[in-house]
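Beneath this line is the structure, given in structure tokens, with notes to follow.
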Amino acid sequence: MQPTRFNLDIANNKPAVVVTGVSSGIGLAIARRLCEHGYVIFGSVRSDEAAKRIGDDLGERFRALVFDVTDRAAVSQARRVVDETLGERGLSALVNNAGLGLFGPLEHLDDEKFEDIIGVNLFGARNVTNAFLPLLRRRSDARDQVGRLDATGSPRKIINISSLSGILNTPMNGAYCVSKHALESLGETYRRELMPFGIDVVSIRSGPIESEIWNKNIAEDLPFQDTPYAQVAMRVQGIMRKAQRESALPADVIAKLVQDIIEGRKRRTAYELGEGSKTSIVLSRYLPTRMADRLIHNALTKKTRMKTPR
Ligand SMILES: NC(=O)c1ccc[n+]([C@@H]2O[C@H](COP(=O)([O-])OP(=O)(O)OC[C@H]3O[C@@H](n4cnc5c(N)ncnc54)[C@H](OP(=O)(O)O)[C@@H]3O)[C@@H](O)[C@H]2O)c1
Numbered sequence: 003m004q005p006t007r008f009n010l011d012i013a014n015n016k017p018a019v020v021v022t023g024v025s026s027g028i029g030l031a032i033a034r035r036l037c038e039h040g041y042v043i044f045g046s047v048r049s050d051e052a053a054k055r056i057g058d059d060l061g062e063r064f065r066a067l068v069f070d071v072t073d074r075a076a077v078s079q080a081r082r083v084v085d086e087t088l089g090e091r092g093l094s095a096l097v098n099n100a101g102l103g104l105f106g107p108l109e110h111l112d113d114e115k116f117e118d119i120i121g122v123n124l125f126g127a128r129n130v131t132n133a134f135l136p137l138l139r140r141r142s143d144a145r146d147q148v149g150r151l152d153a154t155g156s157p158r159k160i161i162n163i164s165s166l167s168g169i170l171n172t173p174m175n176g177a178y179c180v181s182k183h184a185l186e187s188l189g190e191t192y193r194r195e196l197m198p199f200g201i202d203v204v205s206i207r208s209g210p211i212e213s214e215i216w217n218k219n220i221a222e223d224l225p226f227q228d229t230p231y232a233q234v235a236m237r238v239q240g241i242m243r244k245a246q247r248e249s250a251l252p253a254d255v256i257a258k259l260v261q262d263i264i265e266g267r268k269r270r271t272a273y274e275l276g277e278g279s280k281t282s283i284v285l286s287r288y289l290p291t292r293m294a295d296r297l298i299h300n301a302l303t304k305k306t307r308m309k310t311p312r
């Protein structure tokens, strides 16, 4: 679809970035920040209404792409649009942000919803990465001869918006944990495959961030009440709501980190941040697994304080 205000000429030679899921939350914050700093942003949304709303909001440096990340044909079509628009310029970065949450015990999750979350958070990220890789590779190929750098002063980047749930598995959060652990594996494998092309892959694993994602997924007042998990479900729901209310970071914290990664000021392969990050690192990396199991169990059954990762 043709945006109302997009104008590539105003941003000639500015780095171009694709961001998925810019209709709200973290994706919108990333698109906004990068537009404000002179980038050309191609942001994915899922409706013409969102394309117009975000286009009007972000202005001339923003172009909406309308696709669902699970629809490979639509993603390919969007790639063609970006390709034709940028030509030899290629892309500087891709941010895989589009994602879903899903609350509940693995045993009682709706099968279709379980498949949907894997479809979006994992298959969707691969669909989009594969589609846009040729544009990232073109950019790095072009610059490899002169040192792999462009106007950002940094190699091409794929940034995956993962989660602390990509490193720590927690009850009632299983589908999301599975999807984000798989995204971690996907990202690490891509990084090792893409090294020869000068394309880096970085993971952002945060705790709660101000957005609607969990309101969309834990809206039920008394979740899974008719199951043996009712008590734990209520406890986890309470912890998550409290964390979202009291300690969620503004989405621009992630946007700033994305900008720093793209511009080469942050060079690690992964970043953990926000409420629960230290707990998640200790439980997943440093404690014996049986001890981590016991601590999580106690926290959810015995009123022990626990910070739940997202
Ligand atoms: N908020 C947190 O606490 C938190 C913490 C750690 C990681 N994250 C991750 O951050 C990312 C962004 O989440 P958010 O918190 O900003 O939530 P959000 O406001 O709900 O944004 C999610 C975005 O993904 C899009 N999306 C969902 N399904 C899609 C699909 N099938 N195809 C294309 N786009 C799709 C949504 O578009 P629609 O508007 O069309 O649905 C929306 O733009 C997710 O990957 C999430 O896992 C969030």
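Read in the numbering used here, the sequence shown has 286 at position 284, and its numbers run on one by one without any break. Yeah, the Cβ is synthetic: ideal placement off N, Cα and C, and Gly gets one too.
DSSP has residue i in a bridge; who is on the other side?
i: Ser-46; result: Leu-67
i: Val-20; result: Phe-44 and Leu-96
i: Tyr-231; result: According to DSSP, Tyr-231 bridges with nothing at all.
i: Tyr-273; result: Ile-206
i: Gly-103; result: Paired residue(s): none; Gly-103 is not in a bridge.
i: Ile-211; result: Leu-251
Mind checking residue i: buried by the 16 CB within 10 Å criterion, or exposed?
i: Gly-189; result: buried
i: Gly-89; result: exposed
i: Gln-147; result: Any reading at Gln-147 must be qualified, since the residue scores a pLDDT of 39, below 50, and its modelled position is unreliable; no value is offered.
i: Val-284; result: exposed
i: Lys-304; result: exposed
i: Pro-107; result: buried
i: Ser-167; result: buried
i: Arg-82; result: exposed
i: Gly-149; result: Reliability of the predicted coordinates at Gly-149 is poor, the pLDDT of 44 falling under 50, and the value obtained from them is presented with this limitation in mind. Exposed.
i: Gly-92; result: buried
i: Leu-224; result: exposed
i: Gly-57; result: buried
i: Pro-252; result: exposed
i: Leu-289; result: exposed
Just to confirm, are residue i and residue j a CB contact at a threshold of 8 Å?
i: Gly-45; j: Arg-7; result: no
i: Ala-245; j: Ile-161; result: no
i: Ala-33; j: Ile-43; result: yes
i: Ala-1; j: Ser-205; result: With the chain represented from 3 up to 312, any question about residue 1 goes unanswered, as that position is not in the structure.
i: Ile-264; j: Lys-159; result: yes
i: Val-77; j: Val-20; result: no
i: Ile-215; j: Ala-250; result: no
i: Ser-187; j: Asn-123; result: no
i: Arg-194; j: Asp-202; result: no
i: Ala-257; j: Ala-100; result: no
Terminal residues of the continuous alpha helix (DSSP H) containing residue i?
i: Glu-186; result: 176-196
i: Arg-158; result: From DSSP, Arg-158 is part of no alpha helix (DSSP H) but of the beta strand (DSSP E) over 158-163.
i: Glu-117; result: 113-120
i: Asp-316; result: Examination of residue 316 is not possible in this model, given that the chain is present from 3 through 312 alone.
i: Lys-304; result: Per DSSP, Lys-304 belongs to no alpha helix (DSSP H) and is neither H nor E.
i: Ile-32; result: 27-38
i: Lys-258; result: 253-264
i: Lys-280; result: 279-283
i: Leu-88; result: 74-88
First and last residue of the beta strand (DSSP E) that includes residue i?
i: Ile-206; result: 201-208
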